[in-house]
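Read left to right, the sequence shown gives residues 1 to 219 (full-length UniProt numbering).
In this text, a Cβ means the ideal position worked out from N, Cα and C, and glycines have one as well.
If you're wondering where the values come from, they're calculated on a predicted model, not measured in any experiment.
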Amino acid sequence: MDAKVEEFCNISQGTQRVQEYATRFTHTMRYAPDESNTEKKKMYFFKKGLSTRLKVALSGHTCYTLREIVNKALEMERDRLEADAQYKEKKRRSESSSRGPAPQRPRAHVPPPSRARAAQGAAPAPSRGGGTHTANYHRPTQSRPAQSTNTWKATAPTSTSSVPFACFNCGQPGHKAVHCPAKTAPPPAPSSTRQAPAQGTLRKPAVGATRGRLTHLTA
Numbered sequence: 001m002d003a004k005v006e007e008f009c010n011i012s013q014g015t016q017r018v019q020e021y022a023t024r025f026t027h028t029m030r031y032a033p034d035e036s037n038t039e040k041k042k043m044y045f046f047k048k049g050l051s052t053r054l055k056v057a058l059s060g061h062t063c064y065t066l067r068e069i070v071n072k073a074l075e076m077e078r079d080r081l082e083a084d085a086q087y088k089e090k091k092r093r094s095e096s097s098s099r100g101p102a103p104q105r106p107r108a109h110v111p112p113p114s115r116a117r118a119a120q121g122a123a124p125a126p127s128r129g130g131g132t133h134t135a136n137y138h139r140p141t142q143s144r145p146a147q148s149t150n151t152w153k154a155t156a157p158t159s160t161s162s163v164p165f166a167c168f169n170c171g172q173p174g175h176k177a178v179h180c181p182a183k184t185a186p187p188p189a190p191s192s193t194r195q196a197p198a199q200g201t202l203r204k205p206a207v208g209a210t211r212g213r214l215t216h217l218t219a
């Protein structure tokens, strides 16, 4: 029993909040009836156990009951916590503004490729044979002409002034097989009987008769 009385007489707030300290004070007060039988004794021991900061703040206020001093201590504690929070926030902003923004590392400037390099677009690269060849990386794609499907058809020869063409039918130059006279004109039909010479045609006299006639005229 004496230990509980001594605990009540030496009670202190410590790191507790005012509300927690007031609850523990009321609970311990039941074991010390002689030391807490009046409001003056209660306020004395309660104020004695408060933190130094609250104790100094309550020295300028007059309270008549334990409830009054507890409420006043709660109000002062709330104001103190708000003031501390504002002070910390103000200090944090002041430090951040004094430091300034963090310096950024300058980025390396890479110049764009010149048009002369883009036009060349080639770099000598070693070949397997030991020499160098130029690899064009910007060579435009060339489209190949479409090949004709009729590859089997031979191209007709064209007539030129230097190489005359010949007929495939008779082999003579100067005309084609379509216009070949040997192909269009039918050959003459062979006759079984020899035709008589037409009237008015003269036969060539024999050599001997002519001579005799000439001899007769000169005689």
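Reduced DSSP category for residue i - H, G, I as helix; E, B as strand; rest coil
i: residue 3; result: helix
i: residue 166; result: strand
i: residue 33; result: coil
i: residue 157; result: Summary for residue 157: the model assigns pLDDT 49, below 50, so the residue's position carries little reliability, and this model does not support an answer.
i: residue 9; result: helix
Straight-line Cα distance separating residue j from residue i
i: residue 168; j: residue 181; result: 12 Å
i: residue 25; j: residue 75; result: 18 Å
i: residue 67; j: residue 6; result: 23 Å
i: residue 38; j: residue 11; result: 17 Å
i: residue 29; j: residue 64; result: 18 Å
i: residue 56; j: residue 97; result: 35 Å
i: residue 84; j: residue 40; result: 32 Å
i: residue 20; j: residue 82; result: 19 Å
i: residue 86; j: residue 49; result: 27 Å
Reference residue i, options the options, closest by Cα
i: residue 22; options: 8, 53, 95; result: 8
i: residue 4; options: 36, 88, 17; result: 36
i: residue 79; options: 176, 33, 54; result: 54
i: residue 2; options: 92, 95, 34; result: 34
i: residue 18; options: 31, 47, 32; result: 47
i: residue 16; options: 32, 45, 31, 77; result: 77
6 Å CB neighbourhood of residue i in its chain, flanking five on each side removed
i: residue 70; result: 22
i: residue 31; result: 4
7 Å CB neighbourhood of residue i in its chain, flanking five on each side removed
i: residue 51; result: 13
i: residue 43; result: 63, 66, 69
i: residue 72; result: 58, 61, 63
i: residue 170; result: 180, 182
i: residue 172; result: 166
> Mind pulling the alpha helix (DSSP H) runs of 4 or more residues that sit fully within the segment 12 to 92?
Replying inline: 18 to 29, 39 to 49, 52 to 58
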